[in-house]
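Mapping the sequence shown onto the working numbering, position 95 (from 1) lands on 97, and the numbers just tick up by one.
Worksheet: one structure, shown below.
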Amino acid sequence: MLQFQTQGYNGYAVKYSPFFDSRIAVSASMNFGLVGNGRLYILNLTPNGIVAEQTYDTQDSLFDTAWSEAHENQVAVGCGDGSVKLFDISPSEALTHDWNKYRPNTIATAGVDRIIRTFDIRNYSAPLTMLQGHEYAIRKIAWSPHLPDVLLSASYDMSCRIWTDGSNGGVGRELGRMNAHTEFVTGVDWCLFGAERSAARCSWDQRVLIWDAKSFMGGP
3 MLQFQTQGYN GYAVKYSPFF DSRIAVSASM NFGLVGNGRL YILNLTPNGI
53 VAEQTYDTQD SLFDTAWSEA HENQVAVGCG DGSVKLFDIS PSEALTHDWN
103 KYRPNTIATA GVDRIIRTFD IRNYSAPLTM LQGHEYAIRK IAWSPHLPDV
153 LLSASYDMSC RIWTDGSNGG VGRELGRMNA HTEFVTGVDW CLFGAERSAA
203 RCSWDQRVLI WDAKSFMGGP
């Protein structure tokens with residue numbers, strides 16, 4: 003059984019997408035809908051569990067939801083203020099991608115929505131993994147040339163993070179992060195030599211930093 007926690011919000015409605023069997027919309031409300039905000043969750047079913055692909059907050063409770071039968075990215079919600087709101091959940095801009103060095107059919111993408119997604123191009127209807135944690139857009143990602151499940155990301159939140167996609171039998175998650183920059187981090191790369199240790203990054207703060215990536219792999 004798969005489980006997703008709508009922390010702080012009580013569920014009121016759940017609907018499968020009529021276009022994608024891995025996408026679910028959930029309407030939820032704070033305080034059982036008596037008072038407080040509402041939240042629309044767009045959930046994706048992945049091999050590593052249920053992941054929140056997008057969330058939308060409203061100023062009043064949400065009590066129902068329905069997908070458009072004509073447009074795959076439109077979903078309506080019924081609100082406690084008497085209105086029906088229509089959301090367009092079209093994907094945002096993809097800013098970066100990289101091919102896995104060990105699995106030629108696996109590609110990772112990332113961009114404005116702050117999520118790293120991995121896909122098998124032989125079956126790209128749903129991502130293999132969705133990695134979340136960055137606070138702003140992700141400008142660059144790079145798979146490790148040494149470890150098949152590990153990749154780096156550079157973000158406008160001024161951090162560079164190390165991730166595993168979970169393909170080694172675990173769960174996709176953040177392994178560590180580096181926060182030394184004072185401006186957008188825009189580039190990142192691994193050294194082909196040095197047994198998964200040396201990596202470089204550049205930033206709008208006019209600095210290029212080299213660091214021992216392996217020493218940061220203990221967790222955020």
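Even for Gly, the Cβ is constructed at its ideal location relative to N, Cα and C.
Predicted model only: the values in this text are computed from it and were never measured.
Buried or exposed, going by whether 16 or more other CB atoms sit within 10 Å of the CB of P129? buried
Roughly how many angstroms lie between the CA atoms of G172 and D83, to the nearest whole one? 44 Å
Touch test, the region 143-158 against the region 102-116, Cβ-Cβ under 8 Å, three pairs minimum: yes
Spatial distance of L64 from L88 (CA atoms): 12 Å
To the nearest angstrom, how far is it from the Cα of P222 to the Cα of V37? In this predicted model, P222 has a pLDDT of only 46, less than 50, meaning its place in the structure is not dependable enough to derive any value.
What is the DSSP secondary structure of S169, reduced to helix, strand or coil? coil
Can you list, in chain order, the residues of its chain whose CB lies under 7 Å from that of D122, leaving out five sequence neighbours each side? N107, T108, L130
Mapping the DSSP letters down to three states, classify K142 as helix, strand or coil. strand
Decide if R124 is buried, meaning its Cβ has at least 16 other Cβ atoms within 10 Å, or exposed. exposed
Simplified DSSP state of A215, which is helix, strand or coil: helix
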